[in-house]
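Going by our numbering, the sequence shown opens with residue 1, and the numbers climb by one from there.
All residues carry an ideal CB built from backbone N, CA and C; glycine is no exception.
As the structure is a prediction and not an experimental result, all values here were calculated from the model.
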Amino acid sequence: MPDNLRVLGNVSLPEKVALVLKNGPKFSVVPKVSAHELLALNRGISCSADEENCERCLPDGADSLLRNRRNDRPTLTTGGVVSYFKEHELSLLLSDKEGGFVVMYTSSFLDKASSAIMKNFEPTTVKASKRLKGERRMPEPLQGQRKRPHVVPYMHKIFHNLKKVAKSAPCAGGLLCAE
1 MPDNLRVLGN
11 VSLPEKVALV
21 LKNGPKFSVV
31 PKVSAHELLA
41 LNRGISCSAD
51 EENCERCLPD
61 GADSLLRNRR
71 NDRPTLTTGG
81 VVSYFKEHEL
91 SLLLSDKEGG
101 FVVMYTSSFL
111 DKASSAIMKN
121 FEPTTVKASK
131 RLKGERRMPE
141 PLQGQRKRPH
151 VVPYMHKIFH
161 NLKKVAKSAP
171 CAGGLLCAE
């Protein structure tokens with residue numbers, strides 16, 4: 001297995017899947033450009049030429065497209081990876097240190113995720129909807145004075161405050177600014 005691909009558990013990956021994953025998270029396949037898009041590009045380029053060369057550029061470009069037409073399919077495709085992961089109930093995670101991938105069974109991932117949530121968040125016995133209504137009635141200064149956050153109300157409060165900030169301080173490009 002490559003260095004930037006870690007496999008947890010008793011998982012075996014086919015060579016094609018491993019080859020795609022070893023390229024890292026920024027790997028992509030060049031999209032196929034259709035024939036009509038190439039002809040439109042040819043027309044746009046020929047129209048940008050001066051008037052006396054415009055009429056010559058259009059047929060020359062079309063001839064060049066016919067001569068250099070390639071039906072090559074990419075050797076590495078991501079479709080097979082996705083279907084393999086679905087069929088074998090695998091999860092693909094991004095490694096935070098090396099920038100590669102971690103492959104593990106989905107059941108193992110869900111177990112590890114639930115244990116991490118139980119370790120870091122306090123479980124609640126009150127219905128989340130009742131707790132949210134209570135949080136809305138609390139004055140703003142008192143909302144942040146909890147010792148340990150509860151999962152649902154805490155996330156609701158974060159999204160609610162982000163919506164307030166986005167409405168009150170719009171910046172160029174729709175990004176949030178910290179002023």
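Asked, Found
"Nearest neighbour of residue 6, chosen from 109, 103, 123, 113 [CA to CA]", "103"
"Inter-residue spacing [alpha-carbon to alpha-carbon] between residue 56 and residue 26", "41 Å"
"CB of residue 23 within 9 Å of CB of residue 76, strictly", "yes"
"Spatial distance of residue 45 from residue 66 (CA atoms)", "17 Å"
"Terminal residues of the beta strand (DSSP E) in which residue 82 lies", "Unbroken run through residue 82 is the alpha helix (DSSP H), 79-87; no beta strand (DSSP E)."
"In DSSP terms, what residue 103 is bridged to", "7, 92"
"Span separating the alpha-carbon of residue 58 from that of residue 21", "42 Å"
"Proximity below 9 Å, CB of residue 80 to CB of residue 17", "yes"
"Residue of 51, 34, 49, 78 minimising C-alpha distance to residue 19", "78"
"CB of residue 92 within 9 Å of CB of residue 85, strictly", "yes"
"Residue of 13, 8, 4, 36 minimising C-alpha distance to residue 87", "13"
"Straight-line Cα distance separating residue 99 from residue 114", "24 Å"
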